[in-house]
Amino acid sequence: MDGNWREVMRAAISEVLETMYFTDVVFQQKAPSEPFHGWEAAIEMHSVDAGDEVRLGLAFEESFARELAANMLGVDPVGMPDEDVRDALQELANMVAGSCAVLLGPEKWRLGLPRAHSSLISSPGASHGVGMWTAGHFVGWAWCRKA
Amino acid sequence: MAYNVMIIDDSKSMRHVIKKILNISGLEIGEIIEAGNGQEALDQLQDHWVDLILSDIHMPEMDGLEFLRRLGSHADVSDVPVVLVTTERNEKRLAEAMALGARAYLSKPFQPEEFRSLVFKLLGVEHGRELAGSDEGCDF
Numbered sequence: 000m001d002g003n004w005r006e007v008m009r010a011a012i013s014e015v016l017e018t019m020y021f022t023d024v025v026f027q028q029k030a031p032s033e034p035f036h037g038w039e040a041a042i043e044m045h046s047v048d049a050g051d052e053v054r055l056g057l058a059f060e061e062s063f064a065r066e067l068a069a070n071m072l073g074v075d076p077v078g079m080p081d082e083d084v085r086d087a088l089q090e091l092a093n094m095v096a097g098s099c100a101v102l103l104g105p106e107k108w109r110l111g112l113p114r115a116h117s118s119l120i121s122s123p124g125a126s127h128g129v130g131m132w133t134a135g136h137f138v139g140w141a142w143c144r145k146a
Numbered sequence: 000m001a002y003n004v005m006i007i008d009d010s011k012s013m014r015h016v017i018k019k020i021l022n023i024s025g026l027e028i029g030e031i032i033e034a035g036n037g038q039e040a041l042d043q044l045q046d047h048w049v050d051l052i053l054s055d056i057h058m059p060e061m062d063g064l065e066f067l068r069r070l071g072s073h074a075d076v077s078d079v080p081v082v083l084v085t086t087e088r089n090e091k092r093l094a095e096a097m098a099l100g101a102r103a104y105l106s107k108p109f110q111p112e113e114f115r116s117l118v119f120k121l122l123g124v125e126h127g128r129e130l131a132g133s134d135e136g137c138d139f
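Listed in order, the protein sequences are those of chains A and B.
Straight run, no breaks: the first sequence in numbering that gives the first Met the number 0 ends on number 146.
Straight run, no breaks: the second sequence in numbering that gives the first Met the number 0 ends on number 139.
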């Protein structure tokens with residue numbers, strides 16, 4: 000992930016989290032080396048002009064993922080069905096990709112349909128993504144790569 | 000006057016957010032009809048009269064553009080204003096949507112006030128007049 004993409008993703012994630020999920024994160028180039036249980040959401044962005052295909056991903060630690068979904072739905076995160084978490088995270092990926100498309104400038108992008116699933120997530124490493132932290136705790140990763 | 004509104008989005012979360020904003024907008028809301036894609040919306044429109052349609056573009060099965068195309072051929076609902084609430088930023092696709100009959104579009108993520116202003120404007124409602132009769136009170 001080059002510096003421009005990293006900056007664009009940070010700005011897009013901040014905008015979407017603050018506007019629709021009523022939370023914010025601090026970005027840091029570090030993450031736990033151990034895999035963590037959580038949720039991963041991904042979406043493809045297709046460059047209409049250049050023909051490039053970029054895959055954008057967001058991975059969140061379990062309790063933070065539930066907190067995000069609960070904030071959006073205005074409900075208690077305890078006992079929230081997985082389907083609601085999946086739906087809220089898919090929409091999050093969708094909006095982050097839309098914001099990235101604007102921030103990337105005049106290039107035209109077409110977005111795919113977002114997907115999200117629960118899994119054991121391995122850190123992609125500092126060179127491939129950016130860590131998200133809140134109150135000193137690691138809460139997730141954002142990454143993108145050419146598909 | 001109570002307004003019936005249709006929300007078309009494959010995301011339950013987004014439908015929930017839109018519903019919530021509508022319910023606190025100060026607008027008198029009658030029925031809110033939800034659909035997960037364009038086909039579901041067309042099916043629902045057989046049985047419901049709506050004053051406003053809020054639709055996403057990117058949806059499985061039938062997307063927002065195809066929905067607009069089909070809606071245009073339904074004489075009884077073709078005049079209902081459609082607002083696209085979308086992450087679509089491709090100007091060509093947005094222009095196509097407007098040519099197909101969409102009245103406006105709102106980019107996600109959006110601020111609630113931005114959403115409210117657009118809805119009021121499209122329905123030709125004065126903010127103060129509607130708010131005076133709502134629980135939200137009046138902003139003047």
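Built from N, CA and C at the ideal position, the CB exists for glycine as well.
- Annotated three-state conformation of Gly128 (chain A) is strand, per DSSP.
- As summarised for the region 76-110 of chain A, the continuous beta strand (DSSP E) elements at least 3 residues long and confined to that stretch are 108-110, given in chain order.
- Counting only residues of its own chain and dropping the five nearest sequence neighbours on each side, Glu52 (chain A) has a CB closer than 8 Å to the CB of Glu43, Met44, His45, Ser46, Lys145 and Ala146.
- In the same chain as Glu14 (chain A), and ignoring 5 residues on each side of it, the C-beta atoms closer than 7 Å to its own belong to Ser98, in chain order.
- By the rule that beta-carbons nearer than 7 Å mark a contact, Arg14 (chain B) does not touch chain A.
- Interface residue (Cβ-Cβ distance to chain B less than 7 Å): Asp23 (chain A) is not classified as such.
- Here the alpha carbons of Trp38 (chain A) and Gly139 (chain A) stand approximately 9 Å from one another.
- Leu112 (chain A) reaches chain B at His57 and Pro59, counting residues in chain order whose Cβ is nearer than 7 Å.
- For Ile32 (chain B), DSSP records a beta bridge to B:Met5.
- Taken in chain order, the members of the region 109-122 of chain B whose beta-carbon sits within less than 8 Å of a beta-carbon on chain A are Phe109 and Gln110.
- Per the coordinates, the alpha-carbon of Glu17 (chain A) lies some 38 Å from the alpha-carbon of Gln45 (chain B).
- The C-beta distance from Ile12 (chain A) to Ala96 (chain A) rounds to 11 Å, too long to meet the 8 Å contact threshold.
- With a 10 Å radius around the Cβ and a threshold of 16 neighbouring Cβ atoms, Asn22 (chain B) comes out exposed.
- For the options B:Leu105, B:Tyr2 and B:Ala34, the alpha carbon positioned closest to that of Met61 (chain B) is the one of B:Ala34.
- At a Cβ-Cβ threshold of 7 Å, Leu57 (chain A) and Ala92 (chain A) count as neighbours.
- Nearest to Arg115 (chain B) by alpha-carbon distance, out of B:Leu41, B:Ile17, B:Ser54 and B:Asp55, is B:Ile17.
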